[in-house]
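*Asks:*
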Amino acid sequence: MSEQIREQLARRTASGAGLLVITRLITRGIDLVALAFLARLLTPADFGLVAIAMTLVLICEAISDLPIAQAVVRLPIINQGCLDTAFTVSAIRGMGIATLLCLSAWPFAIVYRDPRLIGLLCALSLAPAFRGVCNPRFAIFARNLDFRREMLVEVFAKLAALLVSVGIARTTHSYWAIAAGTIIGPVTMNVVAYLMAPWRPRFTLQQWPVFRNFLSWASAGQMLNAVSWQVDQLALGRFVVPGELGLFTIASTLAFLPFQVVINQIARPIIAGFALLQTDPHRLAAAYRLGSATLVTLCLPVMVGMSVLAHPIAALTLGPKWDMAANVLQWLALATVPALFVATVGPLAMAVDRTDLGFRLSFAEFVVRLPLTCIAAAAAGIEGVLAARAAATLAMTIYALALVRVMLGLSISSQILSCWRPIISSIVMGLAIRQLWATTTHGSLPLQLAIELLGAMLVGALAYGLATLSLWHVSGRPTGPEARALQFVALIRSSIAAAGRRRAW
Numbered sequence: 001m002s003e004q005i006r007e008q009l010a011r012r013t014a015s016g017a018g019l020l021v022i023t024r025l026i027t028r029g030i031d032l033v034a035l036a037f038l039a040r041l042l043t044p045a046d047f048g049l050v051a052i053a054m055t056l057v058l059i060c061e062a063i064s065d066l067p068i069a070q071a072v073v074r075l076p077i078i079n080q081g082c083l084d085t086a087f088t089v090s091a092i093r094g095m096g097i098a099t100l101l102c103l104s105a106w107p108f109a110i111v112y113r114d115p116r117l118i119g120l121l122c123a124l125s126l127a128p129a130f131r132g133v134c135n136p137r138f139a140i141f142a143r144n145l146d147f148r149r150e151m152l153v154e155v156f157a158k159l160a161a162l163l164v165s166v167g168i169a170r171t172t173h174s175y176w177a178i179a180a181g182t183i184i185g186p187v188t189m190n191v192v193a194y195l196m197a198p199w200r201p202r203f204t205l206q207q208w209p210v211f212r213n214f215l216s217w218a219s220a221g222q223m224l225n226a227v228s229w230q231v232d233q234l235a236l237g238r239f240v241v242p243g244e245l246g247l248f249t250i251a252s253t254l255a256f257l258p259f260q261v262v263i264n265q266i267a268r269p270i271i272a273g274f275a276l277l278q279t280d281p282h283r284l285a286a287a288y289r290l291g292s293a294t295l296v297t298l299c300l301p302v303m304v305g306m307s308v309l310a311h312p313i314a315a316l317t318l319g320p321k322w323d324m325a326a327n328v329l330q331w332l333a334l335a336t337v338p339a340l341f342v343a344t345v346g347p348l349a350m351a352v353d354r355t356d357l358g359f360r361l362s363f364a365e366f367v368v369r370l371p372l373t374c375i376a377a378a379a380a381g382i383e384g385v386l387a388a389r390a391a392a393t394l395a396m397t398i399y400a401l402a403l404v405r406v407m408l409g410l411s412i413s414s415q416i417l418s419c420w421r422p423i424i425s426s427i428v429m430g431l432a433i434r435q436l437w438a439t440t441t442h443g444s445l446p447l448q449l450a451i452e453l454l455g456a457m458l459v460g461a462l463a464y465g466l467a468t469l470s471l472w473h474v475s476g477r478p479t480g481p482e483a484r485a486l487q488f489v490a491l492i493r494s495s496i497a498a499a500g501r502r503r504a505w
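Numbers 1 to 505, taken from full-length UniProt numbering, label the letters of the sequence shown in order.
1) A343 by DSSP, collapsed to three states: which one?
2) In chain order, what residues of the same chain have a beta carbon less than 6 Å from the beta carbon of A51, not counting five sequence neighbours either side?
3) Would you grab the beta carbon distance between residue 550 and M95 for me? Rounded to a whole angstrom, and I think it's under 8 Å.
4) Is it buried or exposed, Q448, if we count other Cβ atoms within 10 angstroms and call 16 or more buried?
5) Closer than 8 Å by C-beta to A387: which residues in its own chain qualify, once you throw out the five before and the five after it? Chain order, please.
6) Would you check if there are 3 or more beta carbon pairs closer than 8 Å linking the stretch 325-334 to the stretch 463-472?
7) What are the boundary residues of the alpha helix (DSSP H) that W331 is part of?
8) On the CB-based measure, 16 or more other CB atoms within 10 Å of its CB, does K158 come out buried or exposed?
9) Among the residues of its own chain, which have a CB less than 6 Å from the CB of H311, if the five just before and after it don't count?
10) Starting from the C-beta of M1, find all residues in its chain whose C-beta is less than 6 Å away, skip the five residues before and the five after it, and write them out in chain order.
11) Less than 8 Å between C-beta atoms, sequence neighbours within five positions excluded: which residues of the same chain meet that for A285?
12) Are the CB atoms of M303 and A333 within a distance shorter than 8 Å?
13) To the nearest angstrom, report how far apart A293 and W437 are at their CA atoms.
14) Helix, strand or coil for H173 per DSSP?
15) Would you call the stretch 418-427 and the stretch 362-374 in contact, with 3 or more CB pairs under 8 Å?
16) Work out the CA separation of P481 and A490 for me, nearest whole Å.
17) Pick from L445, A86, L403: whose alpha carbon is nearest that of Q207?
18) Which same chain residues end up closer than 8 Å to R200 when comparing Cβ atoms and leaving out the 5 residues on each side of it in sequence?
19) Decide if T171 is buried, meaning its Cβ has at least 16 other Cβ atoms within 10 Å, or exposed.
20) Are the CB atoms of P446 and L316 within a distance shorter than 8 Å?
21) Given that a residue counts as buried once 16 or more other Cβ atoms are within 10 Å of its Cβ, and exposed if not, what is W106?
22) Where does D280 land, buried or exposed, given buried means 16+ other C-beta within 10 angstroms?
23) Given this structure, state the Cα-to-Cα distance separating A349 from I22, to the nearest angstrom.
24) Any contact between the stretch 154-169 and the stretch 121-133? By contact I mean 3 or more CB pairs, one from each, below 8 Å.
25) How long is the line joining the alpha carbons of L205 and D84, rounded to whole angstroms?
26) Please report how far the alpha carbon of A364 lies from the alpha carbon of V352, in whole angstroms.
27) Beta-carbon separation of A161 and G181 under 8 Å?
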């Protein structure tokens, strides 16, 4: 592969990842608007009840929500038979999980001592059923790193969910508003997707051998990951009241926004980029280090800032009755920081066809997190779960670093040291924000709080940017996310200048 082609690939990968991040920023912004309305119209107990039901839905969906799109993207040739098989596998799983949820509703309601869960679970089973019949043609666009259609589909779906859930909440003040938004999202997504890329589905498993090996490891690992990350809500739902579970769930939703906005969205472009470099180990290792450092550079200051400003963020976003959620958010944001350093391990394992190592990581996390969280929840409630999550995340991060050493030959110390500049810069930023907020007199009105919060965020961004650039210059201006960022700024400036010259001409 020539240097010019590699550079074009890097630009296309970065462009695709950027569009996905923008898409997720828009959709999560819509989610935040919906959350702000629902938090004021409903109670923490309403969110806690739906959280218990959604925990079972999400765990079961891990079985149905197979990485079909990633499997199709990796195929050397995508033909009609592959798309038909992908649709069939996804549809069978989706319908099977919907049936399983309906059958599990009654015993699940008995375990959690709330008969409302029966109807709620039966209704929520529609969401995985509709997700199972998604349009597989979008995998072709992803293969070409073209995510524009996907952006429109997701935005339309989120807007529909916003309108429906807020409308029902205003008229009924019932937890069914949250359930309705959860259901209407995938329904709208399917309608828009099939209108934008018409395709007539055909049920067949003709190309199943093409998917079998990839999906066997990936789906097993995905199922274990789902149980590991939902065990917090499962355990707390058994040992605390719904109101406390609602506080924890909302705080967890806010804490994982950086993962949903940035990390989850760039997984597919990273898989495509890594897959094309798998025959060149040295370049693959360099690409992995650059990708990992870039993610830490983008997300670490967000998590630190979220922890320092947890109370004003919760007050502005959720309202005064959710103040206890700020304490949870403060510690959850810090507890998830170690996972940032190994966020690209999953895409790496898929790209180099070592999904068995990804499964090994998922299995280890499951074995550690499940008993630790259950014991902690029974003994100390939310505080115990927070401590268990921090301990399990740190242990799994160390193990993931060791797996990268197996795949790429990179030592654990070199992986960590590649991110030393954003670590120091984030500490500087956190101290600056903390000092500013401690010495400021805060207003009680939402507008005043919003202005003060925006000011603190701008000061934090300035402190982080100056510290990062200073450390980059001191260390000899190496190739890394800082250099890429400056190249991007220069590209924007040249584009603006060129547009000005054309206008003047």
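Where a beta carbon is used, it is the ideal one built from N, C-alpha and C, also for glycine.
*Replies:* Walking through what the data contain:
1) For A343, the three-state secondary structure derived from DSSP is coil.
2) Residues Q233, L245, T249 of the same chain have their beta carbon placed closer than 6 Å to that of A51, with the five preceding and five following residues left out of the count.
3) There is simply no residue 550 to check, as the chain begins at 1 and stops at 505 in what is shown.
4) Burial is judged here by how many other beta carbons sit within 10 angstroms of a residue's own beta carbon; Q448 has fewer than 16 and is exposed.
5) Excluding residues within five positions, the ones whose Cβ falls inside 8 Å are A376, A380.
6) No, because fewer than three Cβ pairs between the stretch 325-334 and the stretch 463-472 fall closer than 8 Å, the two stretches do not touch.
7) Per DSSP, the continuous alpha helix (DSSP H) segment holding W331 begins and ends at 323-335.
8) When all chains shown are included, K158 counts as buried.
9) If we look at H311 and ignore the five residues flanking it on each side, its Cβ neighbours are A326.
10) In this predicted model, M1 has a pLDDT of only 48, less than 50, meaning its place in the structure is not dependable enough to derive any value.
11) The answer, listed in chain order, is L408, G409, L410.
12) The answer is yes: Cβ separation under 8 Å.
13) Roughly 29 Å separates the two Cα atoms.
14) Residue state for H173 is assigned as coil, using DSSP reduced to three classes.
15) Result no; under three Cβ-Cβ pairs closer than 8 Å.
16) The alpha-carbon atoms of A490 and P481 are separated by roughly 14 Å.
17) Nearest of L445, A86, L403 to Q207, Cα basis: A86.
18) Counting only Cβ-Cβ distances below 8 Å, and skipping sequence neighbours, we find nothing.
19) The residue in question, T171, is exposed, as its Cβ has fewer than 16 Cβ neighbours within 10 Å.
20) Yes, the Cβ-Cβ distance between L316 and P446 is below 8 Å.
21) Classification for W106: exposed.
22) D280 counts as exposed, since fewer than 16 other beta carbons sit within 10 angstroms of its beta carbon.
23) Here the alpha carbons of I22 and A349 stand approximately 25 Å from one another.
24) Taking a contact to require three or more Cβ pairs closer than 8 Å, the stretch 154-169 and the stretch 121-133 do not qualify as touching.
25) A direct Cα-Cα distance of roughly 8 Å separates L205 from D84.
26) When only Cα atoms are considered, A364 and V352 end up about 21 Å apart.
27) Between A161 and G181, the CB-CB gap stays under 8 Å.
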